[in-house]
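Residue numbers (the numbering used here), protein chains in the order written: chain S, 82 to 221; chain L, 18 to 421.
Notes for the one structure printed next.
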């Protein structure tokens with residue numbers, strides 16, 4: 082599936098809820114089901130510090146695609162991370178670099194990714210694109 | 018007795034809906050809302066009175082100057098200072114502490130001297146001293162706290178030596194709610210001839226402060242935490258200290274005469290008020306103090322304590338809740354965590370239910386390190402909050418906890 086097809090799927094899924102608490106319950110469930118980041122990757126180098134919560138991001142390159150793994154100590158942040166990974170992981174660097182993450186806005190989670198939020202998510206998206214750029218440069 | 022319903026009408030923001038729910042504002046420790054009279058006072062200043070104070074001979078400037086100096090007298094009266102020139106207007110608690118750290122440091126501190134602070138301090142009462150540590154080579158001594166979040170007074174008593182030059186502690190903890198025994202802290206320090214700075218940011222709106230009865234050498238607070246505007250704050254200092262300290266910033270207002278050979282500084286309080294004074298801030302702050310005085314700090318303290326006990330009782334029934342700060346003498350601030358639910362998650366979801374609380378480390382990371390946690394959820398009350406709001410809040414915390 083393309084990045085946009087995945088995003089549209091998420092928008093459909095969240096579209097079923099009109100109550101905020103239901104949307105957040107889904108994020109919590111996603112966070113709970115998100116595969117834990119192996120302990121070896123939960124190191125200082127992978128840590129993206131927010132004021133409120135911490136995010137660890139690891140990336141590797143496999144068969145022309147970038148694979149992301151990440152975790153947070155806050156469950157809602159972890160839920161959002163699982164969406165971001167679902168959308169961006171296992172795509173080529175070019176696809177990741179040109180991705181417009183419109184699903185965040187559409188499912189009403191824009192506030193989590195505004196620069197004034199101190200949860201580490203903005204820095205995480207930036208870091209994901211940086212990884213894509215680095216893998217692209219290394220494999221050209 | 019307070020007429021909360023009547024009081025709430027003075028705060029239009031309390032009628033706001035957040036995500037379709039009635040706003041419950043429990044973030045008063047961060048900032049308090051402003052009553053109409055304060056907002057109107059600021060409008061009136063800009064609509065009818067605006068000019069630069071202390072300089073113009075024209076009528077408006079005279080009026081604004083008088084209003085600013087009247088505001089100084091209001092603050093003097095509010096905290097019962099001996100003189101109005103002992104009241105310095107600053108931008109807030111942080112600037113007040115930085116001013117003392119710089120100017121007292123310049124005048125009295127040298128390498129190896131010691132300043133006593135505590136484990137529970139806000140970064141504003143840690144970092145300025147650390148900067149002085151870097152600049153002058155002073156040492157910081159830290160008063161430990163016990164499990165309830167109270168200062169270890171025995172340890173404090175034993176911290177003094179001939180190098181101790183200043184004690185700087187908070188009156189009320191912004192995280193734990195602990196009301197520190199500042200009178201005793203000051204009395205002990207004075208037996209060693211050591212002056213004391215009290216950070217009153219979290220106390221000033223909640224309990225009666227009498228700087229002469231306390232015998233505080235410095236007492237600092239922010240206007241916005243006592244229903245006044247943002248950007249105005251107060252440094253109270255005993256005349257003898259302020260006179261002995263050099264200016265903090267140079268510029269207009271703080272000089273008597275300037276020439277390229279020699280500049281003579283102005284007298285107190287102007288020596289410490291470089292630049293164009295925020296007379297709108299000072300005047301509106303005075304209005305806020307008047308508003309608070311009319312309600313009565315004794316009434317406020319009694320009512321807020323009632324809210325605190327009511328909330329603690331209700332919250333303690335929630336499965337897996339842990340409180341940080343259970344001092345015997347405690348202000349209306351509750352820090353907690355439920356099970357392993359992250360403070361950010363709890364705060365986010367309470368927000369979606371219309372409830373404003375603070376989450377995180379509350380600018381007190383050393384205190385978080387003491388407890389081995391990343392942060393807490395904090396509810397802090399004002400006299401405009403109600404038991405009904407607390408009921409809703411407790412139900413919300415329960416509901417959110419069940420989502421995990």
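We put the beta carbon where it would ideally sit given N, CA and C, even for glycine.
Please say whether residue 206/S and residue 177/S have beta carbons closer to each other than 8 angstroms?
no
What residue from 103/S, 172/S and 121/S has the CA that sits closest to residue 144/S's CA?
172/S
First and last residue of the beta strand (DSSP E) that includes residue 213/L?
213-216
Check whether chain L comes within 8 angstroms of residue 179/S, counting only Cβ atoms and requiring the distance to be less than that.
no
Cα separation between residue 175/S and residue 169/S?
11 angstroms
Residue burial classification, residue 88/L (beta-carbon count within 10 angstroms, cutoff 16):
buried
Note down, in chain order, all residues in the segment 379-402 of chain L with a beta-carbon under 8 angstroms from any beta-carbon belonging to chain S.
391 and 392
Can you list, in chain order, the residues of its chain whose CB lies under 6 angstroms from that of residue 220/L, leaving out five sequence neighbours each side?
188 and 189
For residue 422/L, decide whether its Cβ has a neighbour in chain S, counting only Cβ atoms nearer than 8 angstroms.
An answer regarding residue 422/L cannot be provided, because it is not within the stretch 18 to 421 covered by chain L.
Along the chain, where does the beta strand (DSSP E) that runs through residue 296/L open and close?
Element bounds for residue 296/L: not the beta strand (DSSP E) but the alpha helix (DSSP H), 296-312.
Whole-angstrom Cβ separation of residue 353/L and residue 403/L, contact assumed at under 8 angstroms?
The pair is not a contact, with the Cβ atoms about 20 angstroms apart (cut-off 8 angstroms).
Which chain L residues sit within Cβ distance under 8 angstroms of residue 154/S?
359 and 391
Determine the closest residue to residue 349/L out of 371/L, 383/L, 318/L and 338/L, with distance taken between C-alpha atoms.
318/L
Which residues does DSSP list as the beta-bridge partners of residue 135/S?
130/S
Do residue 112/S and residue 185/S have their C-beta atoms within less than 8 angstroms of each other?
no
Can you list, in chain order, the residues of its chain whose CB lies under 7 angstroms from that of residue 238/L, leaving out five sequence neighbours each side?
110, 217, 218, 221, 250 and 251
For chain S, is any of its Cβ atoms less than 8 angstroms away from the one on residue 369/L?
yes
Ordered along the chain, which non-local residues of its own chain (more than five positions away) have a Cβ less than 8 angstroms from that of residue 408/L?
331
Consult DSSP for residue 192/L and reduce its assignment to one of helix, strand or coil.
coil
Residue 457/L versus residue 283/L: straight-line alpha-carbon distance, rounded:
Outside the shown range of chain L, which is 18 to 421, sits residue 457/L, and nothing can be said about it.
Throw me the rounded Cβ distance for the residue 263/L and residue 118/L pair, which I believe falls under 8 angstroms.
Not confirmed; about 13 angstroms, so no contact.
In whole angstroms, what is the alpha-carbon distance linking residue 126/L and residue 134/L?
15 angstroms
Which runs of the alpha helix (DSSP H), 4 residues or longer, sit entirely within the segment 97-183 of chain S?
101-114, 156-169 and 174-179
Any beta carbon from chain L within less than 8 angstroms of residue 101/S's own beta carbon?
yes
Can you tell me whether DSSP reads residue 395/L as helix, strand or coil?
strand
Does the Cβ-Cβ distance between residue 98/L and residue 228/L come in under 8 angstroms?
yes
Sequence-distant residues of its chain with Cβ nearer than 6 angstroms to residue 415/L (five each side left out):
335
For residue 252/L, the first and last residue of its enclosing beta strand (DSSP E):
250-254
Kindly indicate the opening and closing residues of the beta strand (DSSP E) around residue 158/L.
156-160
If we ignore side chains and look at the alpha-carbon of each, how far apart do residue 430/L and residue 395/L end up?
Outside the shown range of chain L (18 to 421) lies residue 430/L, about which nothing can therefore be said.
Can you name the residues of chain L whose CB is closer than 9 angstroms to the CB of residue 206/S?
In chain order: nothing, as chain L lies at least about 18 angstroms away.
In whole angstroms, what separates the C-alpha of residue 44/L from that of residue 259/L?
34 angstroms
Local conformation of residue 244/L per DSSP, three classes:
coil
For the alpha helix (DSSP H) that residue 206/S lies in, which residues bound it at each end?
202-219
According to DSSP, is residue 224/L helix, strand or coil?
coil
Does the CB of residue 308/L have a neighbour CB from chain S at under 8 angstroms?
no
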